[in-house]
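In this note's numbering, the protein residues as written are 662 to 764.
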């Protein structure tokens with residue numbers, strides 16, 4: 662699992678059985694004092710579980726200080742699409758550019 666979480670991109674189709682990769686967990690990189698690096702440990706977001714918050718969620722919005730690169734956002738969206746099926750208009754072009762075939 663640790664090695665699969667270190668794999669940044671989905672493996673090419675010809676190596677999909679040889680390269681460990683997960684699509685329901687997303688590795689969180691260290692970010693200032695908010696997400697600290699720990700030797701031999703990774704911080705992850707589990708994408709297969711939906712959480713619902715009620716009441717005043719201002720503290721939650723204020724805690725969202727980390728910003729992702731456009732590529733990281735796209736990869737996260739791909740992983741979420743696998744679980745929840747939402748597709749953005751630009752995803753088809755991005756998948757073609759990454760070498761995935763039309764079906």
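Don't be surprised by glycine CBs; every beta carbon is placed ideally from N, CA and C. Note that this is a predicted model, so its numbers are computed, not measured.
Look at the segment 668-732 and you find these whole runs of beta strand (DSSP E), each 3 residues long or longer: 686-689, 704-707.
In this structure, DSSP gives residue 739 a helical state, which the three-state scheme calls helix. When secondary structure is reduced to three states using DSSP, residue 759 falls in the coil class, being assigned neither helix nor strand. Per the coordinates, the alpha-carbon of residue 675 lies some 25 Å from the alpha-carbon of residue 734. The way I'd put it, the segment 737-750 does touch the segment 683-691; three or more beta-carbon pairs between them come closer than 8 Å.
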